[in-house]
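A.B. asks: Sharing a structure, written as structure tokens. Questions coming.
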Amino acid sequence: MIKLKMLLFLTMLVSSTMVYAQQEEKAVLTTVENLRLALISGDRTALDTITADNLSYWHSDGRHEDKATFIGNLTSGKSDFVHINLSKQSIKLSDNVALVHHILTADTNDGGVPGKVKLGVLLVFQKYPNGWKLFARQAYKTPH
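Numbering follows my numbering, with no gaps: position 108 of the sequence shown is 113.
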């Protein structure tokens, strides 16, 4: 009887852990989609909500931006995403950290100059009491 109770307890524990992980992965995916939409809209409030105060945002050309610069460039039109598509996305969770890899293809209009980009991207999200926030981003150029 004790073995059966222990087996039931372990089964419940594993099941609840899997459900929690699935819920967290879904929350990260929602945050990634909200980030994609905020990058397109340039919505200052949305960008502020999604990013950590100590954001470290790296571009594929080696430029680095903190949170204020990142948001300022998107809201001013210096950086302007017209359309963004994300593909080949994967997520890894570890406690309060989520790593998201994907390929980003986009139409841009940076400073009024139309362009296209295709980048590999690593996003690092950290879980805060009020949700997942972008903590770091690194992009790299991929073959077109």
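Cβ coordinates follow ideal geometry from the N, Cα and C atoms, glycine included.
For Ala103 versus Trp63, is the C-beta spacing smaller than 8 Å?
C.D. replies: Counting from one through the sequence shown, the residue named residue 103 turns up at place 98. Counting from one through the sequence shown, the residue named residue 63 turns up at place 58. No; because the gap between Cβ atoms is not below 8 Å, this pair is not in contact.
A.B. asks: Here's the rule I'm using: 16 or more other beta-carbon atoms within 10 Å means buried, otherwise exposed. How should Val37 be labelled?
C.D. replies: Position 32 of the sequence shown holds residue 37. Label assigned to Val37: buried.
A.B. asks: Run through DSSP, which three-state label would Asn78 get?
C.D. replies: The sequence position of residue 78 within the sequence shown is 73, counting from 1. Note: Asn78 maps to helix in three-state DSSP.
A.B. asks: Quickly, what does DSSP pair Leu109 with across the bridge? List them, please.
C.D. replies: Here the question's residue 109 lines up with position 104 in the sequence shown. Per DSSP, Leu91 and Leu124.
A.B. asks: Label Thr56 either buried or exposed according to how many other C-beta atoms from any shown protein chain fall within 10 Å of its C-beta, with 16 as the threshold for buried.
C.D. replies: As a working mapping, residue 56 is identified with position 51 in the sequence shown. With 16 or more Cβ atoms within 10 Å of its Cβ, Thr56 is classed as buried.
A.B. asks: In the DSSP assignment, the beta strand (DSSP E) including Asp58 goes from what residue to what residue?
C.D. replies: Within the sequence shown, the letter at position 53 stands for residue 58. Residue range Thr56 to Trp63 is occupied by the beta strand (DSSP E) that includes Asp58.
A.B. asks: In three-state DSSP terms, what is Arg41?
C.D. replies: Counted from its first residue, the sequence shown places residue 41 at position 36. Of the three classes helix, strand and coil, the one that applies to Arg41 here is helix, per DSSP.
A.B. asks: Taking a contact to mean a Cβ-Cβ separation below 8 Å, would you say Gly113 touches Val87 in this structure?
C.D. replies: What you label residue 113 is simply residue 108 of the sequence shown in a count that begins at 1. What you label residue 87 is simply residue 82 of the sequence shown in a count that begins at 1. Inspection of the sequence shows that residue 113 is occupied by Thr rather than by Gly. Yes, these two residues count as a Cβ contact at 8 Å.
A.B. asks: When the Cα atoms are used, what is the spatial distance from Val33 to Gly67?
C.D. replies: What you label residue 33 is simply residue 28 of the sequence shown in a count that begins at 1. What you label residue 67 is simply residue 62 of the sequence shown in a count that begins at 1. Rounded to whole angstroms, Val33 to Gly67 spans 26 Å at the Cα level.
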